[in-house]
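K.L.:
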Amino acid sequence: MSVDPFAVGIVGYGRFGQFWAAVLADRFPVLVVDLPDGQADLSPIAAEHGIQMTNLEHLCAEASTIFLCVPINALAGAARHIKAHLRPGSTVIDVCSVKMRPAQDLLDTLSDLPDVNLIATHPMFGPDSASRGLDGLTIVTWPLRSDPTVYQQWEMIFQDLGLNVLEFSPEQHDRMAAQSQAVAQMLGRVMTQLGLASTPIDTPAYQHLLAMKDMVSEDSWELFQDLQTTNPFALAMRFELENALNRLSSSLYTPKGDHDAGLSIGMQGGKGSFTHEAAKYYCRANGISDYSVAFLYTADNVLDALQRGEIDRGVLVIQNARGGVVMETIQAMSRVRCDIQRVFDIVISHCLLHHPDAAVEDIDTVISHPQALAQCKTTLARQYSHLAQTSGQGDLIDQALCAEHIAEGLLPPTTAVLAPKMCADLYGLAIHAEGLQDLGEDNLTTFVWVRRRELLQ
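Here's what the structure looks like:
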């Protein structure tokens, strides 16, 4: 078909704007304005394609159709910029990758210009995917507020360019784009963060994934962010993607019931810790007899092992009547999902233990978990104010591991530990004092019995 030539304006001369202007310049006079002003001089690029760089007033006076080739979050601002210069009967077309919000932005911003045609489009391609031409590629269109003749004329122009024209409402578009474009962009970015690259043994499927990654990486972070945050259906799709990955990963492990043979239990503590004591109590109370234990010391270690399928259950401490919330556990549980199957309490009693060869009068430091020190705060201040208080780092935050290190000479003999009485028997330490917790027999501590959350799906 032949189309009578008329001038087309392009507002926004970024990567897509340059590509789209070059496409249209083969058929129409094209004028370009880049927003915001003050960026690099792009006139040499425009001149290569016979495109005129100009200002908004001149562009709106000469162009009967204006394409807004700006980021989604900049569309309303661009519409405000051109509003004062638009002529009655002119046409404004956006090319945003999300449609509901941009469509509403155009309708709201230009609501008092009823004689201006508004058409929503989304070219389902970019400079890279269209590097071999437009034939067979797709553009989505919708008449927001348009003279039917003008809308049909642009549909024919797009078809004449070789494009497959599909008409969908902004809502229909965004629902479908959340399943296709938003997911593809997310997976491409994930592959980039993983640092995935070509290998000598790439399968065809992996080569396609790398091609997707490379294509997505050419798009700006701004576009990616807008696709994920302005499409009202993208958030639910991201959650579905995450849940699907978790379910798939979890399906690799055979779930075990509490009473299945060989149940593996991970402890937030070492051998002889209060968590060890709590786990033994829970298993006795619930008739669990065939199990093994893994002493993992920290909440992070327990939850990571749970997610990796290295253990079937975890025992974590979450709060104490005197010391309050155990922030180590709360922070770990905010990072890694798990299913809390049971919450239970036991009374714990703190002892002051030291190396059997150490003289009590030489002890100058007490080490323990911050929670243990908090639970014995008043007693320590009254009876042991001369002792410096400290907590270990990493796995050494655990009282039982501190006790083991004292026994093995890995901590100074002048250091004592607040720990369960069980540690004295396990590691051959001397008991200097018992029952140091401020609340005495009311020193209830709350533990949780957890498993991988995905096993519920």
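The sequence shown begins at 51 in this note's numbering and counts up one residue at a time.
C-beta: ideal position from N, C-alpha, C; glycine also.
Looking at Ser267: is its Cβ nearer than 8 Å to the Cβ of Thr304?
P.N.:
It is not a contact, given that the beta carbons lie outside the stated cut-off.
K.L.:
Enumerate, from N- to C-terminal direction, the unbroken beta strand (DSSP E) stretches of 3 or more residues contained entirely within the stretch 382-424.
P.N.:
Entirely contained in the stretch 382-424, the beta strand (DSSP E) runs reaching 3 residues are, in chain order, 389-397, 401-404, 415-417.
K.L.:
Considering just the uninterrupted stretch of the beta strand (DSSP E) at Phe78, what are its terminal residues?
P.N.:
Neither: Phe78 is in no beta strand (DSSP E) and is coded neither H nor E.
K.L.:
Can you tell me whether Asp492 is helix, strand or coil according to DSSP?
P.N.:
Note: Asp492 maps to helix in three-state DSSP.
K.L.:
Could you check whether Phe274 and Gln235 sit closer than 8 Å to each other, using their CB atoms as the reference points?
P.N.:
For Gln235 and Phe274, yes; Cβs fall inside 8 Å.
K.L.:
So within the stretch 324-371, which uninterrupted alpha helix (DSSP H) runs reach at least 4 residues, ignoring any that extend past its ends?
P.N.:
Qualifying alpha helix (DSSP H) stretches, in chain order: 324-335, 349-357.
K.L.:
Assign Arg372 to one of two classes, buried (16 or more other C-beta atoms within 10 Å of its C-beta) or exposed (fewer than that).
P.N.:
Arg372 comes out buried.
K.L.:
Beta carbon of Ala317, beta carbon of Ala329: below 8 Å?
P.N.:
According to the sequence displayed, residue 317 carries Met and not Ala. Closer than 8 Å, so yes.
K.L.:
What residue range does the alpha helix (DSSP H) around Ala234 cover?
P.N.:
Run containing Ala234: 231-243, per the alpha helix (DSSP H) assignment.
K.L.:
Would you be able to state if there are at least three C-beta pairs under 8 Å between the stretch 132-142 and the stretch 268-288?
P.N.:
With a cut-off of 8 Å, the stretch 132-142 and the stretch 268-288 do not count as touching, because too few Cβ pairs lie within range.
K.L.:
Classify Phe289 as buried or exposed, calling it buried when 16 or more other Cβ atoms lie within 10 Å of its own Cβ.
P.N.:
Under this definition Phe289 is an exposed residue.
K.L.:
Could you tell me the alpha carbon to alpha carbon distance between Ala453 and Ala286, rounded to whole angstroms?
P.N.:
Roughly 49 Å between the two C-alpha positions.
K.L.:
In angstroms, rounded to a whole number, what distance separates the CA positions of Glu378 and Val498?
P.N.:
Spanning the two alpha carbons is a distance of roughly 14 Å.
K.L.:
Using alpha carbons as the reference points, say which of Arg195, Ile390, Ile398, Trp192 lies closest to Gln449.
P.N.:
Ranking Arg195, Ile390, Ile398, Trp192 by Cα distance to Gln449 puts Ile398 first.
K.L.:
Buried or exposed, going by whether 16 or more other CB atoms sit within 10 Å of the CB of Ile380?
P.N.:
The residue is exposed, with fewer than 16 neighbouring Cβ atoms inside 10 Å.
K.L.:
Once you ignore the five residues that flank His405 on each side, which residues in its own chain have a CB closer than 6 Å to its CB?
P.N.:
For His405, where only same-chain residues beyond five positions count, the Cβ hits under 6 Å are Ile456, Pro463.
K.L.:
Are Thr171 and Val145 touching if we call contact CB-CB under 8 Å?
P.N.:
Closer than 8 Å, so yes.
K.L.:
Since Asp144 is in the beta strand (DSSP E), which residue starts that stretch and which ends it?
P.N.:
Start and end: 141-144.
K.L.:
Around the Cβ of Asn510, are there at least 16 other Cβ atoms within 10 angstroms (buried) or fewer (exposed)?
P.N.:
The requested residue 510 does not occur in the structure, where the chain is confined to residues 51 to 507.
K.L.:
Only counting runs of 3 or more residues, tell me where the beta strand (DSSP E) segments fall wholly within the stretch 133-173, in order along the chain.
P.N.:
You should have 141-144, 167-173.
K.L.:
Identify which residue in His326, Asp362, Lys321 has its Cα closest to the Cα of Ala311.
P.N.:
Out of His326, Asp362, Lys321, Asp362 has the C-alpha closest to the C-alpha of Ala311.
K.L.:
Please classify Gly364 as buried or exposed, where buried requires at least 16 other C-beta atoms within 10 Å of its C-beta.
P.N.:
Classification of Gly364: buried, given that the 10 Å Cβ count is 16 or more.
K.L.:
Answer with buried or exposed for Gln209, where buried requires no fewer than 16 other C-beta atoms within 10 angstroms of its C-beta.
P.N.:
By the 10 Å Cβ count, Gln209 comes out exposed.
K.L.:
Please state the DSSP three-state secondary structure of Thr429.
P.N.:
DSSP places Thr429 in helix when its eight states are reduced to three.
K.L.:
Secondary structure at Ala180, three-state DSSP: helix, strand or coil?
P.N.:
Reduced to three states, the DSSP call for Ala180 is coil.
K.L.:
Which residue comes first and which comes last in the beta strand (DSSP E) that contains Ile60?
P.N.:
Segment 58-61, the beta strand (DSSP E) holding Ile60.
K.L.:
Taking a contact to mean a Cβ-Cβ separation below 8 Å, would you say Val73 touches Ile101 in this structure?
P.N.:
In this structure, Ile101 does not lie closer than 8 Å to Val73 by Cβ.
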